[in-house]
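Student:
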Amino acid sequence: MASKKVIFVAFAIEDETQRDFLKGQSLNTSSPFDYVDMSVKNPYDTDWKARVRTRIRRSDGVIALVSKNSLKSSGQKWEIQCAKEEKVKLLGVWAYSVDRTSVQGLNTVPWNWPNITNFINSL
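The working numbering numbers the first residue of the sequence shown as 6 and each following residue consecutively.
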């Protein structure tokens, strides 16, 4: 297997359970990626933004868990914008099968192992 990739996960705090599910997938022994956990309680803290920017720079890619909550999550919006500014490859994954929210400028796909694996393999 190829070397593992470091993935930063951007999510709205309301979708924390979905983030945990992605964490579970990353722990699968055949998973092609490592997981970077950056749970944030205060997205307006400039110190937080500096730490997150450093983590995003060190990541091979960013997966944004997209839901209706993404539209009002200032922290997640900032993380997505930061990934774009740092030119880190970015993929949106719909957090729920019944929610197909669109985030402008973000390619979003259904959450399944092949979609995530294809993204990881492209890094």
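For each residue, glycine too, the CB sits at the ideal point set by N, CA and C.
Can you tell me the Cα-Cα spacing of K28 and T122, whole angstroms?
Tutor: Straight-line Cα distance between these residues: approximately 14 angstroms.
Student: Report the rounded CA-to-CA distance for M6 versus V14, giving the unit in angstroms.
Tutor: Legend: pLDDT at M6 = 44, less than 50; position of this residue unreliable, value from coordinates given subsequently. Cα to Cα, M6 sits roughly 22 angstroms from V14.
Student: Please name the residue or residues paired with L95 in a DSSP beta bridge.
Tutor: For L95, which the question treats as bridged, DSSP gives the partners V67.
Student: For N74, is the classification buried or exposed, using 16 other Cβ atoms within 10 angstroms of its Cβ as the cut-off for buried?
Tutor: With 16 or more Cβ atoms within 10 Å of its Cβ, N74 is classed as buried.
Student: Going by C-alpha to C-alpha distance, which of A17, R62, K82, I68 sits closest to W136?
Tutor: Outside the modelled stretch of the chain, which goes from 6 to 128, sits residue 136, for which no answer is possible.
Student: Can you list the beta strand (DSSP E) stretches of 3 or more residues lying completely in the region 94-127, in chain order?
Tutor: Those beta strand (DSSP E) runs which fall completely within the region 94-127 and span 3+ residues are 94-99.
Student: Drop a sphere of 10 angstroms on the beta-carbon of R105, count the other beta-carbons inside from all chains shown, and report buried for 16 or more, exposed for fewer.
Tutor: With fewer than 16 Cβ atoms within 10 Å of its Cβ, R105 is classed as exposed.
Student: Using DSSP with H/G/I as helix, E/B as strand and the rest coil, what is F16?
Tutor: The answer is coil: DSSP assigns F16 none of H, G, I, E or B.
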